[in-house]
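Residue numbers (the UniProt record's numbering): 1 to 394.
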């Protein structure tokens, strides 16, 4: 057993324990007890946290492990084997940044599924990976821009078949393209590309296989159609209007996963060969600022996503999203931290085991040597310890 002594806690992230300080007893991969500082823990290895701020491991609900953050044309030139080898490093970089659970929302050649299996088997260090496999998409201009990333399906029958193919490959959930993309040549971010009937078919097929759907979705009409169809997560949700926000308030099925890091990065700086991305990112950035701020003021629960791996975001820099959300949307620090922990855990049905510090939950834990409520950039600059499934990895 392992004891983390003299921890500082953020109260909203600890369940079943009221003190602001305490010790955590870890037995195997689970938290066995949280008790006052100075508790006598016989026969347990101890680590003195010396007042560090101890939190549950972080979630990133939107990353791409087969993308490097560099030029897409370079990534596409890599063999599937090279992409897989790179993904091993990217997964470890992510874990070392304190993100102990991630959702890969589309990987070429289903690399993320196999990497998830290898990490779970103990072959490589890395976060818990929730993997979608390939992205189900209608036939669209730009699909060939990302080699091996898409499973094209038009109409109900083809959609059911594609969903079954991804589940057969080992997907944990289904990711689809609901609108055009910023990163695809010719893609129009505001334009729906699946009909409402097709969206309903995806959700029906996913639920038949006991899972859910995440939709790449920038535009307002596609957001509303996805809500009606019963999609679980709206990725990006860049162009929200008041009606869409009211629709989200009135249901407990669909949640938004904004990804400010990628759109801010694309609007600011991209490689010359990807310059088309910059103009499209700039075109939706103001809508993103207004819409997500309104959603936040309306009290909507939202997930924490970054789009790490997409140009120009390198893996391991996920924590930039914390500062961006505070500065761009004027969000409260504790609200952002909850988005990256318990809120994301609930959205992807993982809150029974993750998202807070609680007896019986998995011991995925991070420690900072600075209070993130006073300076949220501490997640980037003051991370000192990472524990994954009860094992100290940093």
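Heads up, the beta-carbon is just placed ideally off N, CA and C, and yes, glycines get one too.
Using a Cβ-Cβ cut-off of 7 Å (strictly less than) and excluding sequence neighbours within five positions of residue i, which residues of its own chain qualify?
i	result
residue 201	156, 159, 160
residue 359	16, 31, 32, 33, 34
residue 212	173, 206, 232
residue 394	96, 385, 386
residue 228	196
Which residues in the same chain as residue i place their Cβ atom closer than 8 Å to its Cβ, once the five residues preceding and following it in sequence are excluded?
i	result
residue 364	56, 57, 100, 101, 128, 354, 387, 388, 389
residue 45	1, 2, 3
With a 10 Å radius around its C-beta and 16 neighbouring C-beta atoms as the bar for buried, classify residue i as buried or exposed.
i	result
residue 16	exposed
residue 307	buried
residue 320	buried
residue 249	exposed
residue 75	buried
residue 253	exposed
residue 199	buried
residue 217	buried
residue 164	exposed
residue 123	exposed
residue 131	buried
residue 424	Here the chain has residues from 1 to 394 only, and residue 424 is not among them.
Comparing C-alpha positions only, which one of the options sits nearest to residue i?
i	options	result
residue 367	359, 84, 384	384
residue 396	50, 356, 360, 340	This structure cannot speak to residue 396, because the chain is shown only from 1 to 394.
residue 310	296, 145, 98	145
residue 362	369, 92, 351	351
residue 51	10, 103, 349	10
residue 337	266, 371, 315, 348	371
residue 133	141, 316, 162	162
residue 97	317, 331, 391, 328	317
residue 292	348, 257, 104	257
residue 89	322, 392, 356, 315	315
residue 222	136, 179, 153, 298	179
Roughly how many angstroms separate the alpha carbons of residue i and residue j, rounded to a whole number?
i	j	result
residue 246	residue 226	14 Å
residue 21	residue 49	11 Å
residue 27	residue 94	25 Å
residue 139	residue 125	37 Å
residue 25	residue 3	5 Å
residue 113	residue 170	6 Å
residue 6	residue 29	20 Å
residue 313	residue 288	19 Å
residue 325	residue 42	43 Å
residue 8	residue 333	17 Å
Can you find the residues in the same chain that come closer than 6 Å, C-beta to C-beta, to residue i, ignoring five residues on each side of it along the sequence?
i	result
residue 167	209
residue 119	126
So, do the segment 74-88 and the segment 26-40 have three or more beta carbon pairs nearer to each other than 8 Å?
no
Is there contact between the segment 235-243 and the segment 283-295, where contact requires at least three CB pairs shorter than 8 Å?
yes
If contact is defined by three or more beta carbon pairs under 8 Å, each pair taking one atom from either stretch, is the segment 104-111 in contact with the segment 134-150?
yes
Given 8 Å, three or more beta-carbon pairs between the segment 290-306 and the segment 343-359
yes
Are the segment 371-383 and the segment 60-70 touching, with three or more C-beta to C-beta distances below 8 Å?
no
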